[in-house]
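*Asks:* Residue numbers (our numbering): 1 to 299.
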Ligand SMILES: Nc1ncnc2c1ncn2[C@@H]1O[C@H](COP(=O)(O)OP(=O)(O)O)[C@@H](O)[C@H]1O
Ligand SMILES: [Mg+2]
């Protein structure tokens, strides 16, 4: 039986005010790429998708910011801390497939290289699971440019290679194994081309840079004018295209979510009065003996 994930409301043409649905079975076969600048509403969109489909399909979330751990309480996702060893992560991932439980891999406490290694190990475990366990499963990767970077960065070549390999397997060869990649990125130009190219469904949010706009137009088969509209989208608005979404580009506004995000938008809070002498002395006091701030690497 076909099941449509209600993502929000259509905004243009015939679609005004009509619920925009994402066909789950089609999505399992054709994968999804979400792109939009930071703050455009990608994580909100992923949360909406996950909440709306939680009772219908197994879900795995690769979560670099620890944003999705709140799904555990509402929908029973198992939270797996990324600090487990790589062998353990691989074994956990294989068991997750056998038992068909939904999980969030929380990578927030790790530095980027460790995030890449942990995600690669976990994705590898999902991918290598025995054939009897190839059940359909959505694999959501937020900030996918971390795991499938287009260019060499600050991390070791080895870490980049294994993460990119795992992401390529997910997007290119995952389908036969029941794995449906859903990846989100803030910069299309920073995401490895072969990984992006495997998605045939797109949700394009607000985009400013010409280079990202050009990549988006290229992927969607739009001319430059067609892609220019991505500049004017508001937060939470996306243009949908693909067999699981809409055969023509359709603008839609993503609906509300029920679980909370830990990453709230910054809001202005009144500043305290100017520092008085007492406060100045407190702030400038020498550090207490034996006290040191933890560095990121030692956390
Ligand atoms: N469709 C929406 N409806 C209501 N609020 C939204 C919507 N999309 C995003 N937001 C809010 O905007 C902020 C930024 O969204 P977020 O999903 O974190 O952006 P991104 O992941 O693209 O950086 C968040 O506080 C989020 O709750
Ligand atoms: Mg986000």
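Glycine residues also receive a C-beta, built at the ideal position from the N, C-alpha and C atoms.
Closest to residue 184 by CA distance: which of 49, 110, 8, 3 is it?
*Replies:* Here residue 184 refers to the residue found at position 184 when the chain shown is read from its first residue. The shortest C-alpha separation from residue 184 is found at 49.
*Asks:* Buried or exposed: residue 237, going by 16 or more other Cβ atoms within 10 Å of its Cβ?
*Replies:* As a first step, residue 237 must be located in the chain shown, where it is residue number 237. By the neighbour-count rule (16 or more Cβ atoms within 10 Å), residue 237 is buried.
*Asks:* So the candidates are 175, 206, 39; which of them puts its Cα closest to the Cα of residue 231?
*Replies:* In the chain shown, the residue the question calls residue 231 occupies position 231. Ranking the options by Cα distance to residue 231, first place goes to 206.
*Asks:* Verify whether the separation of the beta carbon atoms of residue 143 and residue 64 is less than 7 Å.
*Replies:* Your numbering for residue 143 matches position 143 in the chain shown. Your numbering for residue 64 matches position 64 in the chain shown. The answer is yes: Cβ separation under 7 Å.
*Asks:* Given that a residue counts as buried once 16 or more other Cβ atoms are within 10 Å of its Cβ, and exposed if not, what is residue 157?
*Replies:* What you label residue 157 is simply residue 157 of the chain shown in a count that begins at 1. Counting Cβ neighbours within 10 Å, residue 157 comes out exposed, since fewer than 16 surround it.
*Asks:* Under 7 Å between the Cβ atoms of residue 252 and residue 20?
*Replies:* As a first step, residue 252 must be located in the chain shown, where it is residue number 252. As a first step, residue 20 must be located in the chain shown, where it is residue number 20. Taking 7 Å as the Cβ cut-off, residue 252 and residue 20 qualify as a contacting pair.
*Asks:* Which residue marks the beginning of the beta strand (DSSP E) containing residue 4, and which one marks its end?
*Replies:* Taking the chain shown and counting its residues from 1, one reaches residue 4 at position 4. Here the beta strand (DSSP E) through residue 4 covers 4-10.
*Asks:* Using 8 Å for Cβ pairs, my map puts residue 22 next to residue 4. What's the rounded Cβ distance?
*Replies:* Looking up residue 22 in the chain shown gives position 22. Looking up residue 4 in the chain shown gives position 4. Contact flag correct, Cβ pair sits at about 7 Å.
*Asks:* Whole angstroms are fine: how far does the CA of residue 163 sit from the CA of residue 121?
*Replies:* As a working mapping, residue 121 is identified with position 121 in the chain shown. As a working mapping, residue 163 is identified with position 163 in the chain shown. Cα to Cα, the separation comes out at about 8 Å.
*Asks:* Tell me whether residue 237 sits in a helix, a strand or coil according to DSSP, three-state version.
*Replies:* Looking up residue 237 in the chain shown gives position 237. Strand at residue 237.
*Asks:* Going by DSSP, what residues sit across from residue 185 in a beta bridge?
*Replies:* Here the question's residue 185 lines up with position 185 in the chain shown. Looking at the DSSP assignment, residue 185 forms a beta bridge with 35.
*Asks:* Taking just the CA atoms, how far does residue 280 sit from residue 44?
*Replies:* Taking the chain shown and counting its residues from 1, one reaches residue 44 at position 44. Taking the chain shown and counting its residues from 1, one reaches residue 280 at position 280. Whole-angstrom Cα-Cα distance: 41 Å.
*Asks:* For residue 202, is the classification buried or exposed, using 16 other Cβ atoms within 10 angstroms of its Cβ as the cut-off for buried?
*Replies:* On the chain shown, position 202 is the one that residue 202 refers to. Residue 202 should be labelled buried.
*Asks:* For a test of the three-state rule: what should DSSP assign to residue 52, helix, strand or coil?
*Replies:* Mapped onto the chain shown, residue 52 falls at position 52. Three-state DSSP puts residue 52 in a helix.
*Asks:* What do you reckon, are the CB atoms on residue 229 and residue 212 nearer than 7 Å?
*Replies:* Reading the chain shown from its first residue, position 229 is the one you call residue 229. Reading the chain shown from its first residue, position 212 is the one you call residue 212. Not in contact: residue 229 and residue 212 (Cβ atoms no closer than 7 Å).
*Asks:* Out of 159, 189, 139, point me to the one whose CA is closest to residue 171's CA.
*Replies:* The count along the chain shown starts at 1 and reaches residue 171 at position 171. Nearest C-alpha to residue 171: 139.
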